[in-house]
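Since the structure comes first, as structure tokens, the remarks are kept for the end.
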Amino acid sequence: MKASSKKTFENKRMLKTPTGISGLDEITEGGLPKGRPTLICGDAGSGKTLFSIEFIVKGATVFGEPGVFVAFEEKSEELAVNVASLGFDLNKLIAEKNIKIDHIQIDRSEIEETGEYDLDGLFIRLGYAIDSIGAKRVVLDTIENLFSGLTNHGILRAELRRLFSWLKDKGVTAIITGEKGDGKLTRHGLEEYVSDCVILLDHRIENQISTRRLRIIKYRGSVHGTNEYPFLIDKDGISVLPITSLHLANEVSNERVSSGIPLLDEMLGGKGFFKGSSILVSGSAGSGKTSIAAHFADTSCNRKERCLFFAFEESPAQIIRNMKSINLDLEKHVKSGFLKFYASRPTMYGLEMHLVVFYKLIKEFKPKAVILDPITNLVTVGDSREVKSILIRLIDFLQKEQITVMFTALTFPHFIQTNPDEDVASLVDTWLSVQDIEYNGERNRAMYIMKSRGMKNSNQVREFLITDNGVEIVEVTLGPTGVLVGSAREAYNLEKSTGEALRKNAISMKNKQIESRKTILDAKVAKLKSEFELVKDELDRIYIEEQLRNEVAEKNRKELMKMRGKKS
Amino acid sequence: MESKQWELKLYVAGKTPKSMTALKNLKKYCEEYLAGKYKIEIIDLLKTPQLAEGDQIFAVPTLVRRVPVPMRKIIGDLSNEEKVLVGLNIVPVKST
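Residue numbers (the numbering used here), protein chains in the order written: chain A, 99 to 666; chain B, 22 to 117.
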């Protein structure tokens with residue numbers, strides 16, 4: 099009766115015990131079923147023991163729930179050493195009576211069976227351990243070892259069934275681990291007894307790189323994520339990375355950040371990228387992607403904003419040296435602490451591990467800008483679908499932190515369709531494409547903006563030059579035959595200037611001719627003037643002579659008249 | 022070997038029929054083969070659960086022989102005489 103009333107209560111709302119394993123509680127919406135056993139199964143080395151020990155340790159340290167760890171495989175000291183590498187101080191927790199480890203050794207060689215028996219010894223031990231520290235959590239790792247130690251499996255099965263119901267009665271949240279068997283979840287069919295929650299851990303090797311995955315096979319009475327979730331084990335324990343638990347509800351900023359290349363900013367509505375947005379720079383090999391990224395890093399460091407540069411192809415020293423050749427001094431930023439390089443070969447670990455490394459470094463360094471150069475190299479580790487899922491999560495994470503991220507991606511001229519950056523392109527906010535234009539026996543770079551969300555952007559193809567002073571974007575030259583780049587542009591410009599020179603020359607020739615013509619005419623005018631002067635003088639002389647003659651004649655005539663008058 | 026003292030411990034959990042059978046069987050074999058040089062200690066785990074860990078007990082009844090070495094464990098109600106004798110190495114295995 100009591101049990102039935104308890105059941106109806108539980109049906110209303112399933113109580114859960116948080117595991118404290120980052121990410122897992124998100125997928126299970128709260129943790130493992132409280133007061134019930136959960137089966138964790140997986141191959142050898144899939145992380146079962148670690149998973150369960152973290153459950154116990156987190157319970158003791160974070161949730162104040164003491165726990166009992168029954169180890170059928172490892173001794174308590176071995177266990178303590180093994181998990182010490184993950185930063186768990188087991189011995190301290192044991193001394194504080196927060197954790198009790200009971201090692202049950204089953205040595206086939208020293209055990210003989212005869213007649214009837216039961217596992218009351220185990221029950222008593224477990225019960226004693228639970229009661230001695232008031233445990234709320236129990237782990238049995240791996241109870242299947244009993245099957246190899248004891249021959250009478252009939253008794254064992256009956257006793258296990260009794261054990262699990264006994265654990266439920268005790269009200270402890272239990273984890274039972276089991277090794278994966280052929281076609282079954284566990285070698286001895288433990289899933290028959292534990293039916294509330296089953297989690298499968300998997301460890302797969304693809305292209306010689308391992309990825310751990312976790313899947314909740316069943317969880318009675320609760321919603322849960324059904325996907326396979328990648329998880330990893332590092333120095334802080336297990337982290338599960340839920341893909342779907344992230345929502346598209348990030349805040350956005352209207353703030354703009356410069357790309358470091360003035361003309362590029364101009365192409366992007368005159369102001370550059372949005373803060374917290376994601377930028378993809380794609381192009382073929384040697385098209386200057388890293389240079390663009392370096393400009394972006396340089397400008398953000400100049401603004402006194404931290405920048406984190408993930409290099410997957412070149413070492414930091416190589417990048418610094420190469421960028422010096424285009425007059426970008428990244429070294430001083432590294433020294434001043436604004437720029438941090440993180441170089442690793444993509445094949446160093448699986449994609450998931452990369453993602454967690456990104457997360458960690460970003461959390462530690464708190465940059466305002468992140469550069470990944472190039473993301474295409476990650477494809478060597480996983481297929482493009484996985485790379486995309488990683489990038490989705492990374493972009494989401496960065497957007498939440500308001501960090502601007504720039505990816506560079508290599509495009510292969512012949513593999514456009516299978517190229518991951520095409521997929522990624524739909525995720526990013528701004529996509530710059532740098533392309534080689536092969537024309538007339540030379541290769542030139544051209545850049546254009548494929549898309550840029552939320553801003554007016556230039557639809558023009560610009561020529562993109564890498565000079566001694568960094569990357570320069572040149573206004574395109576429109577010739578009579580279309581857009582001209584490289585030497586064609588130079589030739590066109592030259593031709594234009596030659597024509598001008600010729601025209602100028604022609605004009606000056608004309609001017610000279612006119613000048614000399616004028617001189618000649620002037621000379622002629624002067625000559626005519628002097629001729630006229632001569633004629634005029636002549637005429638004057640004649641006129642004066644005439645006058646004189648007239649005067650003299652008059653005078654003479656008057657004299658004559660006078661003389662005649664006197665006589666007459 | 023003959024001169025040595027036999028120290029036997031029988032772990033039980035309460036007075037269940039199985040443990041009573043085991044004890045009865047054990048006493049019978051000891052009287053028969055080890056008369057005068059054996060000691061039986063009965064440990065009831067319901068009363069002293071902390072002792073279960075030391076001898077790695079997980080099933081009951083369990084018979085543990087610590088002396089003479091090596092340590093031997095026999096799980097069950099000891100109903101099979103031959104197995105018990107072989108298990109405790111009381112009678113050397115003939116031939117084979």
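From the three backbone atoms N, C-alpha and C, an ideal C-beta is built for every residue, glycine too.
Because the structure is a prediction, the values reported are computed rather than measured.
Beta-carbon contacts of residue 564 (chain A) that lie in its chain and below 7 Å, excluding the five residues immediately before and after: As a first step, residue 564 (chain A) must be located in the first sequence, where it is residue number 466. Around residue 564 (chain A): 386, 389, 424.
Beta-carbon proximity list for residue 648 (chain A), same chain, < 8 Å, skipping 5 on both sides: As a working note, residue 648 (chain A) is residue 550 in the first sequence. For residue 648 (chain A), there are no CB contacts under 8 Å within the same chain when 5 residues up- and downstream are skipped.
Integer Cβ distance of residue 261 (chain A) from residue 217 (chain A), believed to fall under 8 Å: Position 163 of the first sequence, counted from the start, is the residue given in the question as residue 261 (chain A). Position 119 of the first sequence, counted from the start, is the residue given in the question as residue 217 (chain A). Contact between residue 261 (chain A) and residue 217 (chain A) holds: their C-beta atoms lie close to 7 Å from each other, under 8 Å.
Whole-number beta carbon distance between residue 200 (chain A) and residue 227 (chain A), since they are thought to touch under 8 Å: Indexing the first sequence from 1 puts residue 227 (chain A) at position 129. Indexing the first sequence from 1 puts residue 200 (chain A) at position 102. With a Cβ gap of about 5 Å, residue 227 (chain A) and residue 200 (chain A) count as contacting.
Nearest residue (CA-CA) to residue 175 (chain A), options A:651, A:272, A:192: Here residue 175 (chain A) refers to the residue found at position 77 when the first sequence is read from its first residue. Selection A:651, A:272, A:192 evaluated against residue 175 (chain A) yields A:192 as nearest (Cα-Cα).
Endpoints, the alpha helix (DSSP H) within which residue 235 (chain A) is located: Counting from 1 along the first sequence, the entry for residue 235 (chain A) is found at position 137. Membership of residue 235 (chain A) in any alpha helix (DSSP H) is not indicated; the residue belongs instead to the beta strand (DSSP E) covering 235-239.
Within-9 Å CB hit, residue 70 (chain B) to chain A: Your numbering for residue 70 (chain B) matches position 49 in the second sequence. The C-beta of residue 70 (chain B) comes closer than 9 Å to at least one C-beta of chain A.
Interface flag, residue 212 (chain A) vs chain B, CB-CB below 9 Å: Stepping through the first sequence from its first residue, residue 212 (chain A) is reached at position 114. For residue 212 (chain A), the answer is yes, since a Cβ of chain B falls inside 9 Å of its Cβ.
Cutoff 9 Å: residue 26 (chain B) Cβ touching any chain A Cβ: Position 5 of the second sequence, counting from 1, holds the residue named residue 26 (chain B). Residue 26 (chain B) does not count as touching chain A.
Cβ contact (3+ pairs, closer than 8 Å) linking the region 641-661 of chain A and the region 42-53 of chain B: No, because fewer than three Cβ pairs between the region 641-661 of chain A and the region 42-53 of chain B fall closer than 8 Å, the two stretches do not touch.
is_contact[residue 504 (chain A), chain B] using C-beta, thresh 9 Å: Here residue 504 (chain A) refers to the residue found at position 406 when the first sequence is read from its first residue. Residue-level contact check: residue 504 (chain A) does not touch chain B, since none of the beta carbons of chain B fall below 9 Å from its beta carbon.
Residue 574 (chain A) - containing alpha helix (DSSP H), residue span: Along the first sequence, one-based indexing puts residue 574 (chain A) at 476. Secondary structure note for residue 574 (chain A): it is in no alpha helix (DSSP H), with a DSSP letter that is neither H nor E.
Sufficient close CB pairs (3 or more, under 8 Å) joining the region 487-506 of chain A to the region 458-470 of chain A: Short answer: they touch.
Proximity test, Cβ basis, 9 Å: residue 95 (chain B) and chain A: Indexing the second sequence from 1 puts residue 95 (chain B) at position 74. With 9 Å as the cut-off, residue 95 (chain B) counts as an interface residue toward chain A.
Between the CA atoms of residue 626 (chain A) and residue 618 (chain A) - distance to the nearest angstrom: Here residue 618 (chain A) is taken as the residue at index 520 of the first sequence, counted from 1. Here residue 626 (chain A) is taken as the residue at index 528 of the first sequence, counted from 1. C-alpha separation (whole angstroms): 12 Å.
Those residues which DSSP pairs with residue 169 (chain A) across a bridge: What you label residue 169 (chain A) is simply residue 71 of the first sequence in a count that begins at 1. For residue 169 (chain A), which the question treats as bridged, DSSP gives the partners A:201, A:239.
Those runs of the alpha helix (DSSP H) which lie wholly inside the region 374-411 of chain A and span at least 4 residues: You should have 387-400.
Anticipated Cβ contact below 8 Å, residue 302 (chain A) with residue 311 (chain A), distance rounded: Counting from 1 along the first sequence, the entry for residue 302 (chain A) is found at position 204. Counting from 1 along the first sequence, the entry for residue 311 (chain A) is found at position 213. Correct: roughly 7 Å between the Cβ atoms.
N-terminal and C-terminal residue of the alpha helix (DSSP H) that residue 28 (chain B) is part of: By one-based count along the second sequence, residue 28 (chain B) stands at place 7. Annotation: residue 28 (chain B) is outside any alpha helix (DSSP H); the continuous beta strand (DSSP E) that includes it extends over 27-33.
Within-9 Å CB hit, residue 88 (chain B) to chain A: Taking the first residue of the second sequence as position 1, residue 88 (chain B) is located at position 67. Among the CB atoms of chain A, none fall inside 9 Å of the CB of residue 88 (chain B).
Chain B within 9 Å of residue 274 (chain A), Cβ atoms only: On the first sequence, residue 274 (chain A) is found 176 positions in, with the first residue counted as 1. Taking Cβ atoms only, chain B never reaches closer than 9 Å to residue 274 (chain A), which makes this a no.
With 16 other Cβ atoms within 10 Å as the buried cut-off, status of residue 353 (chain A): The residue labelled residue 353 (chain A) in the question sits at position 255 within the first sequence. Looking at its Cβ environment, which holds fewer than 16 other Cβ atoms inside 10 Å, residue 353 (chain A) is exposed.
Cβ of residue 499 (chain A) within 9 Å of any chain B Cβ: Within the first sequence, the letter at position 401 stands for residue 499 (chain A). When Cβ-Cβ separations below 9 Å define contact, residue 499 (chain A) makes no contact with chain B.
Nearest residue (CA-CA) to residue 148 (chain A), options A:240, A:432, A:399, A:555: For the purposes of this step, residue 148 (chain A) is identified with residue 50 of the first sequence, where counting begins at 1. Closest in alpha carbon position to residue 148 (chain A), among A:240, A:432, A:399, A:555, is A:240.
Sequence-distant residues of the same chain with beta carbon closer than 6 Å to residue 339 (chain A), five excluded per side: Taking the first residue of the first sequence as 1, we reach residue 339 (chain A) at position 241. Same-chain partners within the cutoff: 121, 328.
Residues bridged to residue 533 (chain A) (per DSSP): Position 435 of the first sequence, counted from the start, is the residue given in the question as residue 533 (chain A). A:544, per the DSSP bridge assignment.
C-alpha distance - residue 501 (chain A) paired with residue 187 (chain A), whole-angstrom precision: Translated into the one-based positions of the first sequence, residue 501 (chain A) becomes position 403. Translated into the one-based positions of the first sequence, residue 187 (chain A) becomes position 89. So the alpha carbons of these two residues sit roughly 36 Å apart.
Chain A contact for residue 92 (chain B) (CB, 9 Å cutoff): What you label residue 92 (chain B) is simply residue 71 of the second sequence in a count that begins at 1. Taking Cβ atoms only, chain A reaches closer than 9 Å to residue 92 (chain B), which makes this a yes.
Chain A within 9 Å of residue 56 (chain B), Cβ atoms only: As a working note, residue 56 (chain B) is residue 35 in the second sequence. Put simply, the CB of residue 56 (chain B) is far from chain A, with every gap to its CB atoms at 9 Å or more.
Residues that residue 200 (chain A) contacts on chain B, provided the C-beta gap is smaller than 7 Å: Here residue 200 (chain A) refers to the residue found at position 102 when the first sequence is read from its first residue. Ordered by position in chain B, the residues that pass the 7 Å Cβ test against residue 200 (chain A) are 74.
Residue 301 (chain A) (DSSP reduced to helix, strand or coil): Along the first sequence, one-based indexing puts residue 301 (chain A) at 203. In the three-state reduction of the DSSP assignment, residue 301 (chain A) falls in the strand class, which pools E and B.
Cβ-based neighbour list, residue 84 (chain B), same chain, cut-off 6 Å, excluding 5 preceding and 5 following: The count along the second sequence starts at 1 and reaches residue 84 (chain B) at position 63. Answer for residue 84 (chain B): 31, 95, listed in chain order.
Residue 531 (chain A) beta carbon less than 9 Å from that of residue 545 (chain A): Within the first sequence, numbered from 1, the residue matching residue 545 (chain A) stands at position 447. Within the first sequence, numbered from 1, the residue matching residue 531 (chain A) stands at position 433. Contact: yes.
Contacting residues, own chain, Cβ-Cβ under 7 Å from residue 342 (chain A) (five flanking each side not counted): Within the first sequence, the letter at position 244 stands for residue 342 (chain A). With a pLDDT of 49 at residue 342 (chain A), under the threshold of 50, the modelled position of that residue is not reliable, and the figure given next carries that caveat. Closer than 7 Å at the Cβ level, and outside the excluded window around residue 342 (chain A), lie 323, 325.
Min CB distance residue 222 (chain A) to chain B below 9 Å: Translated into positions along the first sequence, residue 222 (chain A) becomes position 124. By this cut-off, residue 222 (chain A) is an interface position.
Any C-beta of chain A under 9 Å from that of residue 44 (chain B): Your numbering for residue 44 (chain B) matches position 23 in the second sequence. The beta carbon of residue 44 (chain B) does not come within 9 Å of any beta carbon belonging to chain A, so the residue lies off that interface.
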